[in-house]
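Here the structure comes first, spelled out in structure tokens, and everything after it is commentary.
In the working numbering, the protein residues as written are 3 to 275.
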């Protein structure tokens with residue numbers, strides 16, 4: 003094992019933006035395997051990774067291999083689960099990977115669920131948190147959460163983050179870790195301000211961009227994250243903390259019901275082409 007790099011045979015399980023972004027960044031240091039759910043999602047994921055590699059210095063799409071069979075990940079030294087933010091889905095996938103790859107370190111990119119909770123659902127104690135941020139190629143932070151059962155992965159996980167050009171910060175095992183625990187009350191409060199005052203989204207965002215120096219306003223950021231994803235994160239935070247600030251506002255719930263999910267659906271607080 004080359005200790006400066008941390009991991010030499012990484013696997014990524016998932017085919018969405020986080021999974022494909024992480025896989026693209028991973029090709030800067032190593033041959034990388036991406037596990038997709040179906041042939042169709044494998045094909046789409048490969049296209050996304052190749053497109054992302056074109057924008058990342060040192061990324062090499064020829065180092066990517068895509069598969070739909072967990073057994074193909076047997077030689078991996080780390081496998082990072084990056085699927086939908088649902089406990090059952092994560093637990094089921096990680097249980098399959100755990101059975102197929104007993105020697106690999108296991109990680110999850112969860113943004114709101116507890117690591118211990120996911121590990122219990124998967125039936126394995128050797129799970130750590132590796133929360134990367136979207137878009138993965140550009141965002142520098144990785145929240146790393148190492149619970150008791152996964153302490154053997156700490157040095158390798160931190161070294162891998164450094165090899166990928168990321169800054170790792172160790173965080174406690176609490177829903178939302180640090181960033182989302184602090185960020186979502188602010189984002190939701192911006193929605194409540196719109197509900198309470200009738201201000202336009204652009205006006206609220208302009209205040210925070212020009213007055214607080216934020217690169218993106220809170221409502222534009224919610225559109226970028228996806229309102230359905232924001233609701234799932236808020237629900238997980240609220241279940242953990244019982245703090246009203248973590249509960250998704252009614253306007254978000256209404257907009258989801260109207261399929262106004264943000265950028266990915268073409269409409270949210272703003273409309274998109």
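We put the beta carbon where it would ideally sit given N, CA and C, even for glycine. Values in this document were obtained by computation on a predicted structure and should not be read as measured data.
Exercise. Would you identify the three-state DSSP class for residue 160, choosing helix, strand or coil?
Key: helix
Quiz item: Out of curiosity, what's the CA-to-CA distance linking residue 264 and residue 148?
Solution: 33 Å
Quiz item: How would you label residue 210, buried or exposed, when you count the other beta carbons within 10 angstroms and need 16 or more for buried?
Solution: buried
Self-check item: residue 258 versus residue 181 - alpha carbon distance
Solution: 23 Å
Quiz item: So the beta strand (DSSP E) residue 67 belongs to, where does it begin and stop?
Solution: 66 to 69
Quiz prompt | Stretch pair the segment 91 to 104 + the segment 50 to 69: three plus CB contacts closer than 8 Å | solution = no
Quiz item: Would the beta-carbon of residue 11 fall within 8 Å of that of residue 77?
Solution: yes
Quiz item: Using the rule of at least 16 other Cβ atoms within 10 Å of the residue's Cβ for burial, across every protein chain shown, is residue 5 buried or exposed?
Solution: Confidence at residue 5 is low in this model, with a pLDDT of 48, below 50, so the placement of that residue should be treated as unreliable; the coordinate-derived value is given next. Exposed: under 16 other Cβ atoms inside 10 Å.
Self-check item: Nearest residue (CA-CA) to residue 26, options 192, 167, 171
Solution: 167
Quiz item: residue 64: buried (16+ other C-beta within 10 angstroms of its C-beta) or exposed?
Solution: exposed
Quiz prompt | Cβ neighbours of residue 125 in the same chain (closer than 6 Å, five flanking residues each side left out) | solution = 97
Practice problem: Check whether the segment 196 to 204 touches the segment 147 to 166, taking contact to mean three or more Cβ pairs, one atom from each stretch, closer than 8 Å. | Solution: no
Self-check item: Contact set for residue 21: own chain, Cβ-Cβ below 6 Å, skip 5 residues either direction
Solution: 14, 84
Self-check item: beta strand (DSSP E) runs wholly inside the segment 65 to 138, at least 3 long, in chain order
Solution: 66 to 69, 80 to 83, 107 to 110, 129 to 134
Quiz item: Taking the C-alpha atoms as reference points, what is the distance between residue 273 and residue 81?
Solution: 37 Å
Practice problem: State the CB to CB distance for the pair residue 236 and residue 250, rounded to an integer number of angstroms; the pair is presumed to be in contact (CB under 8 Å). | Solution: 4 Å
Quiz prompt | Endpoints, the beta strand (DSSP E) within which residue 143 is located | solution = 143 to 147
Quiz item: If you drop the 5 nearest sequence neighbours on each side, which residues of the same chain put their C-beta closer than 6 Å to that of residue 128?
Solution: 108, 151, 152
Practice problem: Grab me the residues of residue 3's own chain with a C-beta within less than 7 Å of its C-beta, minus the 5 sequence neighbours each way, in chain order. | Solution: Residue confidence for residue 3 is low, a pLDDT of 40 falling below 50, so the modelled location carries little weight; the figure read from the coordinates is stated next. Answer for residue 3: 10, listed in chain order.
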